[in-house]
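Novice: Protein chains in written order, with full-length UniProt numbering: chain A, 1 to 163; chain B, 1 to 163; chain C, 1 to 163. We treat Cβ as the ideally placed atom computed from N, Cα and C, and that holds for glycine. From a predicted model like this one, the values you see are computed outputs, not experimental measurements. Sharing a structure here in structure tokens format.
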């Protein structure tokens, strides 16, 4: 028969997984609201201080680069005309103090009549556990326009593999 | 060394957060299926009896108002032609017996050739714990068409702040 | 006063629900990345060996049928031109060794200028607990084009009812 202490240890171990996945899921779910409200510092704080944000045509490293993207003319124009960085659910795999997640986003833009899908993007996220909680160490994103890199990102991410 | 009882108490406290967030997440995830199938009473039952549902151009308070919206000609026409009230993941912050959530939805409409995005909307949800579980006490929603109120809703919601 | 063992048992029972819902949610979240990267065997392995995948105009039963769909000319053309099988959050109801989930997906296709919503679909999922974890035993999917079957699928699924 299992002792009470063993049962408690098993429960604690299982809770640790749920807690880590919850924190990472919330981090990703906060990205859209923060970037669509132009909160540049809060967006940048989702990454580690030397975190990488690698998206088609733009390679950012470090929080200053991310702040600059949010404050850029291009992003501010999206906000002013109306945009939604609509994230889907993420598939998270935690491995000790690192984690990987697969996800999608749609960039929806307002137009004269209704809205349109400007871009559908595949994401491979990497996270690390820090003293200030989980942070993104790298997000690699490619449009799903037939580019085989986007397919490779999704497949590696959902298997919990680095790229 | 931590006693068994202290360890159990810590586990119970952590489970309480996960349980509350799960219940609220399921409530939001049930909104689309209920509203797209025209289940007016079940949609209204997601709110408290005096709950507020404040969306562009329509202010509802109380379940009768919500039932009337679902049964309205406008909503029934959406259902008949084909619509999806597609919700994204929510970012939930629980504070004792109240909670706040940030989220997005897309209203997708069927048209002669395929489908189109009719509206992309930002949501600030408030919930209260009741004897019948968590209920929405207020949902404030604005289209992401450049309206700065929509940006303020998202930013407050993701920080767990009321508006 | 509740004994320590009773408290541990209550925690274990609650964790069982969270664990089951987590596993099913991850299964659904892996569908998009696997199908959009053309990983036919991994897609098929989400279903039981005699699982049913019933979608408008195509009835599949068993993993060979699902593998054939992923490898079909139609699906490979979607991948090559650029597609996202964008899943929304699912509403999961577990009942012992069976489970039901309601969900939506958007099929987004790349086109000359940006992207478009090719289809918005309602899903009624059924799962069973197997020796290899939860597997889909049936997914029934209908486009939200006004078809009343799609409405019935959503409403049954969110109530945890079979169809």
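Could you give the DSSP three-state label for residue 43 (chain C): helix, strand or coil?
Specialist: Helix at residue 43 (chain C).
Novice: Could you confirm whether any beta carbon from chain B is found closer than 9 Å to the beta carbon of residue 102 (chain A)?
Specialist: No, because no Cβ of chain B sits closer than 9 Å to the Cβ of residue 102 (chain A).
Novice: Residue 37 (chain B) touches chain A at which residues, Cβ-Cβ below 9 Å?
Specialist: Within chain A, no residue comes near residue 37 (chain B); the closest Cβ sits about 22 Å away, beyond 9 Å.
Novice: How many angstroms separate the CA atom of residue 57 (chain A) from the CA atom of residue 83 (chain A)?
Specialist: Their Cα atoms are separated by approximately 20 Å.
Novice: Given this structure, state the Cα-to-Cα distance separating residue 252 (chain B) from residue 38 (chain C), to the nearest angstrom.
Specialist: No statement about residue 252 (chain B) is possible, as the shown extent of chain B runs from 1 to 163 and does not include it.
Novice: For residue 79 (chain B), go through chain C and note every residue whose CB falls closer than 8 Å to its CB, in chain order.
Specialist: Correct list: 146 and 151.
Novice: What would DSSP say about residue 58 (chain B), mapped onto helix, strand or coil?
Specialist: Here residue 58 (chain B) sits in strand by DSSP.
Novice: Buried or exposed: which applies to residue 81 (chain B), given that a residue is buried once 16 or more other Cβ atoms fall within 10 Å of its Cβ?
Specialist: Its Cβ having fewer than 16 others within 10 Å, residue 81 (chain B) is exposed.
Novice: May I have a chain-ordered list of the beta strand (DSSP E) segments no shorter than 3 residues that lie completely inside the UniProt domain "SnoaL-like" (18-140) of chain A?
Specialist: Whole beta strand (DSSP E) segments, 3+ residues: 47-55, 58-61, 83-87, 91-95, 98-110 and 115-130.
Novice: For chain A, check one thing: does any of its Cβ atoms lie closer than 9 Å to the Cβ of residue 155 (chain B)?
Specialist: So yes, residue 155 (chain B) belongs to the interface.
Novice: Express the C-alpha separation of residue 2 (chain B) and residue 2 (chain A) in angstroms, rounding to a whole number.
Specialist: Using only the alpha carbons, I get a separation of about 19 Å.
Novice: Going by DSSP, which residues form a beta bridge with residue 143 (chain B)?
Specialist: For residue 143 (chain B), which the question treats as bridged, DSSP gives the partners B:121.
Novice: How many Å lie between residue 115 (chain C) and residue 118 (chain A) at the Cα?
Specialist: Rounded to whole angstroms, residue 115 (chain C) to residue 118 (chain A) spans 6 Å at the Cα level.
Novice: For chain B, find out if any of its Cβ atoms is closer than 9 Å to the Cβ of residue 127 (chain A); answer yes or no.
Specialist: With 9 Å as the cut-off, residue 127 (chain A) does not count as an interface residue toward chain B.
Novice: Counting along the chain, where does the alpha helix (DSSP H) carrying residue 3 (chain A) start and finish?
Specialist: Per DSSP, residue 3 (chain A) belongs to no alpha helix (DSSP H) and is neither H nor E.
Novice: Could you give the C-beta distance for residue 120 (chain C) and residue 109 (chain C), rounded to a whole number, given that I count them as a contact under 8 Å?
Specialist: About 13 Å separates the two Cβ atoms, so there is no contact after all.
Novice: Counting contacts by CB-CB distance shorter than 9 Å, is residue 75 (chain C) in contact with chain B?
Specialist: Judged by the 9 Å Cβ criterion, residue 75 (chain C) is not in contact with chain B.
Novice: Just the Cα atoms here: how many angstroms apart are residue 163 (chain A) and residue 153 (chain A)?
Specialist: For residue 163 (chain A) and residue 153 (chain A), the distance between alpha carbons rounds to 7 Å.
Novice: Rounding to the nearest angstrom, what Cα-Cα distance links residue 35 (chain A) and residue 72 (chain C) in this structure?
Specialist: Roughly 39 Å separates the two Cα atoms.
Novice: Determine, for residue 12 (chain C), whether the minimum Cβ-Cβ distance to residues of chain A falls below 9 Å.
Specialist: Taking Cβ atoms only, chain A reaches closer than 9 Å to residue 12 (chain C), which makes this a yes.
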